[in-house]
Amino acid sequence: MKDTESPDKKTFSCEEKTFASTVPLVRDEILDASLTKLHGYLKVVTLDEGSKIIELSEDDITIGRTNECEIQLQMEGISRKHALISFHNEEYYIKDLDSKNGIFLNGVRIAKCVLRNKDQIDIAGVKIIFNEVTSLIRI
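The opening position of the sequence shown corresponds to residue -9 in this note's numbering, with each subsequent residue numbered one higher.
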């Protein structure tokens, strides 16, 4: 095997094949270039009220029937405090708050789960679609 060196990378020749090694990355150069920020949205679809879009932040959001909930759904089968959406470690989570009828995520009953783009949440017949958008932040 023959070693030839260029200023930014090394290449190695072996039996008529050439392989390139990786170039070391400088952490500060990458961090100075850009960062990303996750924005989450919920599209709540109900038969009687149509649909509405709710922008998520890093604050917890409760879903249920009571006035204390940020998302109020006055429907049969929805508990007073049914579900919690939270933001932790750069991800959104949904958690069942011991509701009687549960939460279904993409057709599967869950207790707690990370939300991914286009996930469909079903709470007592109310469809909620989770959408996420990643935006680039220049420093």
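All C-beta atoms in this analysis are idealised placements derived from N, C-alpha and C, irrespective of residue type, glycine included.
Check	Outcome
Span of the beta strand (DSSP E) around Q110	D109 to I113
Segments assigned beta strand (DSSP E), at least 3 residues, entirely inside the region 27 to 79	40 to 45, 51 to 54 and 73 to 78
Three-way DSSP call (helix, strand, coil) for N121 in this model	strand
Helix, strand or coil at D88 [DSSP, three-state]	coil
Beta-carbon spacing of T52, V116 below 8 Å	no
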